[in-house]
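Enquirer:
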Amino acid sequence: MIIAAPQSTAGFRPYAGSALFHQTYQPNPATGRLVNIHSLPSSPEFTRTPLIIGGLEDCSEEALRRGDQNLLLDVAGVPTYLFTYHSGTAYAATEALAFGRLVKGATLFHFDAHPDMDSNHLGIDEGLAKAYKYFHDKFQEGSWLWPLVASGQVSEIFWFSASPGPGFLNGNTMEIRRAFPALKITEVKEADLPGFDRSIISALPREKMLLSLDLDYFAFPEIDYLFDSTGLIRSMWPQAGVVSLALSPDYIKKRLAIRLARGLMATVGSAG
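The sequence shown begins at 1 in the numbering used here and counts up one residue at a time.
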């Protein structure tokens with residue numbers, strides 16, 4: 001379930017032990033909400049979607065349809081980021097590493113209709129301010145994974161692929177495999193879901209597990225495997241060091257993505 005928005009950083013359990021977390025999230029004088037200071041525009045002429053510590057009240061369909069904020073939530077004790085665009089996952093992973101929730105060499109469980117593994121030479125390890133600047137918007141959607149691999153944050157990827165649907169450009173993994181020959185990539189297609197070896201998940205320590213869900217994975221689902229995928233996601237979630245979701249309105253109807261996000265967060269921890 002989604003925990004209510006705290007009044008202070010001391011009330012956000014998943015990062016409670018990190019001094020850097022308490023420095024990074026501060027009350028916004030304009031709204032009173034706890035906001036990531038790196039997500040505020042540096043000057044009036046720049047626009048940037050703020051990242052706030054949210055709660056149940058921020059996850060209504062009306063609030064999410066506005067798309068005027070990204071959210072950091074406490075979902076069943078797991079820091080859970082809800083971004084408009086999937087490139088925000090690169091920031092979420094970098095922040096979780098900085099706050100001590102993840103360690104380098106993590107395994108990424110990546111549910112997405114696209115691989116998002118195109119080449120990208122932006123530095124992810126230049127500090128949280130630059131990481132948010134580079135990866136909070138849509139411009140790195142197809143390539144945000146590359147910097148996580150290049151920096152050593154991610155060393156293995158399980159890509160849960162889905163039908164990209166009409167008009168989608170699905171991309172490929174060839175270039176990233178050539179650039180990083182030690183990187184392990186396993187594609188798990190929808191038909192493979194019933195037989196997926198869940199011991200892979202249970203064998204990982206929490207700090208080495210990153211769960212990333214682009215809701216366009218469900219844009220054109222194979223109905224036969226829908227319960228397999230949602231059940232697997234719900235069982236993975238409580239075991240992850242950090243979870244990131246993306247509404248991806250360019251690839252899935254926004255109303256559907258919102259309902260999926262709300263439904264998954266509400267049922268996290270139930271058996272798959």
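Here a beta-carbon is modelled for each residue, glycine too, at the ideal position from N, C-alpha and C.
For clarity, every value in this text was computed on a predicted model and none was experimentally measured.
On the criterion of 16 or more Cβ atoms from any shown chain inside 10 Å, does residue 199 qualify as buried, or is it exposed?
Expert: Counting from one through the sequence shown, the residue named residue 199 turns up at place 199. By the 10 Å Cβ count, residue 199 comes out exposed.
Enquirer: Tell me the rounded alpha-carbon separation between residue 54 and residue 69.
Expert: Here residue 54 refers to the residue found at position 54 when the sequence shown is read from its first residue. Here residue 69 refers to the residue found at position 69 when the sequence shown is read from its first residue. Their backbone Cα atoms lie some 10 Å apart in a straight line.
Enquirer: Could you give the first and the last residue of the continuous alpha helix (DSSP H) run that contains residue 254?
Expert: Mapped onto the sequence shown, residue 254 falls at position 254. Unbroken alpha helix (DSSP H) run through residue 254: 254-266.
Enquirer: In chain order, which continuous runs of the alpha helix (DSSP H) of length 4 or greater are located wholly inside the segment 8-41?
Expert: As far as the segment 8-41 is concerned, its whole alpha helix (DSSP H) runs of at least 4 residues are 19-24.
Enquirer: Run the CB neighbour count on residue 29, radius 10 Å, all protein chains shown included, and call it buried at 16 or more, exposed below.
Expert: By 1-based counting over the sequence shown, the position of residue 29 is 29. Per the 10 Å Cβ criterion, exposed.
Enquirer: What residue ranges within the segment 68-131 form continuous beta strand (DSSP E) runs of no fewer than 3 residues, ordered along the chain?
Expert: With a minimum length of 3 residues, the continuous beta strand (DSSP E) runs that stay inside the segment 68-131 are 70-75, 78-83 and 106-111.
Enquirer: Extract the residue ranges of the beta strand (DSSP E) inside the segment 171-251, only unbroken runs of 3 or more that lie entirely within it.
Expert: With a minimum length of 3 residues, the continuous beta strand (DSSP E) runs that stay inside the segment 171-251 are 184-188, 209-214 and 242-246.
Enquirer: Could you have a look at residue 159 and say whether DSSP puts it in helix, strand or coil?
Expert: Within the sequence shown, numbered from 1, the residue matching residue 159 stands at position 159. Three-state result, residue 159: strand.
Enquirer: To the nearest angstrom, report how far apart residue 83 and residue 145 are at their CA atoms.
Expert: On the sequence shown, position 83 is the one that residue 83 refers to. On the sequence shown, position 145 is the one that residue 145 refers to. If I take the Cα positions, the gap works out to 15 Å.
Enquirer: How would you label residue 94, buried or exposed, when you count the other beta carbons within 10 angstroms and need 16 or more for buried?
Expert: Along the sequence shown, one-based indexing puts residue 94 at 94. Burial call: buried.
Enquirer: Using the DSSP secondary-structure output, state which residues sit across from residue 154 in a beta bridge.
Expert: Translated into positions along the sequence shown, residue 154 becomes position 154. DSSP lists 106 as partners of residue 154.
Enquirer: Tell me the residue span of the beta strand (DSSP E) that contains residue 51.
Expert: Looking up residue 51 in the sequence shown gives position 51. Where residue 51 is concerned, the enclosing beta strand (DSSP E) stretches over 51-53.
Enquirer: If you compare alpha carbons, which of 67, 268 and 42 is closest to residue 258?
Expert: Numbered from 1 along the sequence shown, position 258 holds the residue referred to as residue 258. Residue 258 has its Cα closest to that of 67, out of 67, 268 and 42.
Enquirer: How far does the alpha helix (DSSP H) with residue 64 in it reach, from first residue to last?
Expert: For the purposes of this step, residue 64 is identified with residue 64 of the sequence shown, where counting begins at 1. Unbroken alpha helix (DSSP H) run through residue 64: 61-66.
Enquirer: What residues are listed by DSSP as bridge partners for residue 2?
Expert: One-based indexing of the sequence shown puts residue 2 at position 2. Per DSSP, 75.
Enquirer: Among 115, 235 and 184, which has the Cα closest to the Cα of residue 202?
Expert: Position 202 of the sequence shown, counted from the start, is the residue given in the question as residue 202. Cα-wise, what sits closest to residue 202 is 235.
Enquirer: Would you tell me roughly how many angstroms separate the C-alpha atoms of residue 251 and residue 216, rounded to the nearest one?
Expert: On the sequence shown, residue 251 is found 251 positions in, with the first residue counted as 1. On the sequence shown, residue 216 is found 216 positions in, with the first residue counted as 1. Cα to Cα, residue 251 sits roughly 6 Å from residue 216.
Enquirer: Can you look up residue 149 in the DSSP assignment and give me helix, strand or coil?
Expert: In the sequence shown, the residue the question calls residue 149 occupies position 149. Three-state DSSP puts residue 149 in a helix.
Enquirer: Using CA atoms only, rank isn't needed, just tell me which of 101, 183, 264 and 116 is closest to residue 18.
Expert: Position 18 of the sequence shown, counting from 1, holds the residue named residue 18. Comparing Cα positions, the closest option is 101.
Enquirer: Output yes or no for whether 8 Å exceeds the beta carbon distance between residue 141 and residue 116.
Expert: Position 141 of the sequence shown, counting from 1, holds the residue named residue 141. Position 116 of the sequence shown, counting from 1, holds the residue named residue 116. Yes, Cβ-Cβ distance for residue 141 and residue 116 is below 8 Å.
Enquirer: Helix, strand or coil: how does DSSP classify residue 137 here?
Expert: Counting from one through the sequence shown, the residue named residue 137 turns up at place 137. Residue 137 falls in the coil class under three-state DSSP.
Enquirer: Less than 8 Å separating the beta-carbons of residue 21 and residue 139?
Expert: In the sequence shown, counting from the first residue as 1, residue 21 sits at position 21. In the sequence shown, counting from the first residue as 1, residue 139 sits at position 139. For residue 21 and residue 139, no; Cβs fall outside 8 Å.
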